[in-house]
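Novice: Okay, handing you the structure first.
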Amino acid sequence: MRKKLAKILRWQARKFISKNKPKIVCVTGSVGKTSTTQAITTILSQSFAVRATIANYNTDIGVPCSVFGNHFPSSLKNPFAWIVLLAKNQLQLLGKTNVDVLILELGTDLPGDIAEFEWLAPDIAIVTAVSPEHMEFFKTIDTVAAEELSVAKFSEKTIVNKEMVDKTFLQFADTEQLYNYSRDDIRHVGLKPEDLQVAGLHSIDAVSAGLAVGRELGMQMSSLLAGAKAVESQPGRMKLLEGTKGAKLIDDID
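With the numbering used here applied, the sequence shown corresponds to residues 163 to 416, in that order.
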């Protein structure tokens, strides 16, 4: 049942993309995908109509739902609820949706999962990090690298986090068309860490990825700066809060 549902959702999503022709930005990586997706979304929203991954919808079923901007049914095992969702998707296909850019997080649990998203044919792919994940299935860090960097095989342009992807892993991308972003990118646009509303180096990585994508899509410097300053961490993820008497609080579940 799941495989059939995923196939139908993928077919609908491909129709949506074919009809509306948005730019597609995909985000992969062992860690930092959600914060990076959100930072890219905030920055690009300064210049484009964007639609991004809902929550952590980064699976074969979740990605197409994010393409349409629809949440999962409240009861995942209710076939009638899924039929209603498919019908909502079809209604969107009847008209033209104002979406300039789709920003989609791609997840993986097993080797080969990323390759299942080849149908998206991203204009830009971001790889946030290569680090141990699901090692009961991947076994080695090289296998992880090969999986996360496999997105380069079907993306027009791939931009890798220089801080979190060791250069020895780049061989697994199977392409010479690789670019990178780094924490220095915020300084290149005249910003300092204290100018941002986020805390932690990983958050600066996310903002830097957003700046890299924005530049690739031709955003003006003023819009890039405004977007970078607007990026906020999500609740429970190193989110800065204002305390009394000028104090700063950090909300982090870890």
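Note that the Cβ used here is the ideal one computed from N, Cα and C, for glycine as well.
No experiment lies behind these values; they were computed from the predicted model shown.
Between the stretch 267-277 and the stretch 355-368, can you find at least three pairs of beta-carbon atoms closer than 8 Å?
Specialist: The stretch 355-368 is not in contact with the stretch 267-277.
Novice: Tell me which residues share the same chain as threonine 203 and place their Cβ nearer than 6 Å to its Cβ, disregarding the 5 neighbours each side in the sequence.
Specialist: Position 41 of the sequence shown holds residue 203. Cβ neighbours of threonine 203 beyond the five flanking positions: Val212, Ala214 and Ile265.
Novice: Go to leucine 256, then tell me how far its alpha helix (DSSP H) extends in each direction, as first and last residue.
Specialist: Locating residue 256 in the sequence shown gives position 94, counting from the first residue. Start and end: 241-256.
Novice: Within 10 angstroms of the Cβ of phenylalanine 279, are there 16 or more other Cβ atoms? Answer buried if so, exposed if not.
Specialist: By one-based count along the sequence shown, residue 279 stands at place 117. So phenylalanine 279 ends up on the buried side.
Novice: From isoleucine 216 to aspartate 336, what distance separates their C-alpha atoms?
Specialist: Your numbering for residue 216 matches position 54 in the sequence shown. Your numbering for residue 336 matches position 174 in the sequence shown. So the two alpha carbons sit approximately 30 Å from each other.
Novice: Consult DSSP for isoleucine 186 and reduce its assignment to one of helix, strand or coil.
Specialist: As a first step, residue 186 must be located in the sequence shown, where it is residue number 24. Here isoleucine 186 sits in strand by DSSP.
Novice: So, using beta-carbon positions, are serine 209 and methionine 383 closer together than 8 Å?
Specialist: The residue you call residue 209 lines up with position 47 of the sequence shown. The residue you call residue 383 lines up with position 221 of the sequence shown. Result no, Cβ atoms of serine 209 and methionine 383 do not sit closer than 8 Å.
Novice: Would you call the stretch 339-349 in contact with the stretch 251-267, where contact means no fewer than 3 C-beta pairs closer than 8 Å?
Specialist: No: the two stretches stay apart, fewer than three of their Cβ pairs being nearer than 8 Å.
Novice: Here's the rule: buried if 16 or more other CB atoms are within 10 angstroms of the residue's CB, otherwise exposed. What is isoleucine 205?
Specialist: Here the question's residue 205 lines up with position 43 in the sequence shown. Buried, because 16 or more other Cβ atoms sit within 10 Å of the Cβ of isoleucine 205.
Novice: So, with DSSP's three-state summary, where would you put glutamate 280?
Specialist: Sequence index remark: in the sequence shown, residue 280 carries index 118 (1-based). Note: glutamate 280 maps to helix in three-state DSSP.
Novice: Can the beta-carbon of isoleucine 321 be found less than 8 Å from the beta-carbon of isoleucine 348?
Specialist: Start at 1 with the first residue of the sequence shown, and residue 321 comes out as number 159. Start at 1 with the first residue of the sequence shown, and residue 348 comes out as number 186. Their beta carbons are not under 8 Å apart, which means isoleucine 321 does not touch isoleucine 348 by this criterion.
Novice: Does the count of Cβ pairs from the stretch 231-238 and the stretch 177-192 closer than 8 Å reach three?
Specialist: No, because fewer than three Cβ pairs between the stretch 231-238 and the stretch 177-192 fall closer than 8 Å, the two stretches do not touch.
Novice: I'd like to know whether the C-beta atoms of proline 241 and glutamine 174 end up nearer to each other than 8 Å.
Specialist: Within the sequence shown, residue 241 is the residue found at index 79, counting from 1. Within the sequence shown, residue 174 is the residue found at index 12, counting from 1. Cβ atoms of proline 241 and glutamine 174: not closer than 8 Å.
Novice: To the nearest angstrom, report how far apart glutamine 302 and glutamate 309 are at their CA atoms.
Specialist: Taking the first residue of the sequence shown as position 1, residue 302 is located at position 140. Taking the first residue of the sequence shown as position 1, residue 309 is located at position 147. First, the amino acid is wrong: residue 302 is threonine here, not glutamine. Cα to Cα, the separation comes out at about 11 Å.
Novice: Under a three-way DSSP split, which group does lysine 301 fall into?
Specialist: By 1-based counting over the sequence shown, the position of residue 301 is 139. Lysine 301: coil per DSSP, three-state reduction.
Novice: Lysine 195 and asparagine 220 look like a contact to me (Cβ under 8 Å); what is the Cβ gap, rounded to whole Å?
Specialist: Sequence index remark: in the sequence shown, residue 195 carries index 33 (1-based). Sequence index remark: in the sequence shown, residue 220 carries index 58 (1-based). 7 Å between Cβ atoms; contact.
Novice: Can you look up valine 289 in the DSSP assignment and give me helix, strand or coil?
Specialist: Residue mapping note: residue 289 aligns to position 127 of the sequence shown, counting from 1. Looking at valine 289 - three-state DSSP - the assignment turns out to be strand.
Novice: Leaving out five residues before and five after aspartate 285 in sequence, what residues of the same chain have Cβ atoms less than 6 Å from its Cβ?
Specialist: As a first step, residue 285 is located in the sequence shown; it is residue number 123 there, counting from the start. Excluding positions up to five away in sequence, the list reads Lys185, Ile186 and Glu318.
Novice: Where threonine 290 and threonine 198 are concerned, what is the direct C-alpha to C-alpha distance, given to the nearest angstrom?
Specialist: Translated into positions along the sequence shown, residue 290 becomes position 128. Translated into positions along the sequence shown, residue 198 becomes position 36. Taking the straight line from one Cα to the other gives about 8 Å.
Novice: So which of Lys329, Ala390, Leu386 and Gly376 has the shortest CA-CA distance to proline 355?
Specialist: Here residue 355 corresponds to residue number 193 of the sequence shown, with the count starting at 1. Nearest option by C-alpha distance: Ala390.
Novice: Specify the secondary structure class of glutamine 359 as computed by DSSP and reduced to three states.
Specialist: Working through the sequence shown from its first residue, we reach residue 359 at position 197. Note: glutamine 359 maps to strand in three-state DSSP.
Novice: Could you say which of Glu267, Phe299 and Thr305 lies nearest to isoleucine 288 if we only look at CA atoms?
Specialist: Position 126 of the sequence shown, counted from the first residue, corresponds to residue 288. The candidate whose alpha carbon is nearest that of isoleucine 288 is Glu267.
Novice: Can you tell which of Trp244, Ile179, Phe331 and Lys324 has the C-alpha that lies nearest to the C-alpha of alanine 374?
Specialist: Taking the first residue of the sequence shown as position 1, residue 374 is located at position 212. Per the Cα distances, Lys324.
Novice: Can you name the residues that DSSP bridges to lysine 319?
Specialist: Translated into positions along the sequence shown, residue 319 becomes position 157. Beta-bridge pairing links lysine 319 to Ile286.
Novice: What's the C-alpha gap between methionine 297 and aspartate 328?
Specialist: Residue 297 sits at position 135 when you count from the first residue of the sequence shown. Residue 328 sits at position 166 when you count from the first residue of the sequence shown. In a straight line, the C-alpha of methionine 297 is about 18 Å away from that of aspartate 328.
Novice: With burial defined as no fewer than 16 other Cβ atoms inside 10 Å of the residue's Cβ, what is the status of arginine 164: buried or exposed?
Specialist: Residue mapping note: residue 164 aligns to position 2 of the sequence shown, counting from 1. Exposed, since its Cβ has fewer than 16 Cβ neighbours within 10 Å.
Novice: Just to check my reading of the structure: valine 292 and phenylalanine 300 have Cβ atoms closer than 8 Å, yes? What is that Cβ distance to the nearest angstrom?
Specialist: Numbered from its first residue, the sequence shown carries residue 292 at position 130. Numbered from its first residue, the sequence shown carries residue 300 at position 138. That belief does not hold up - the Cβ atoms of valine 292 and phenylalanine 300 are roughly 11 Å apart, past 8 Å.
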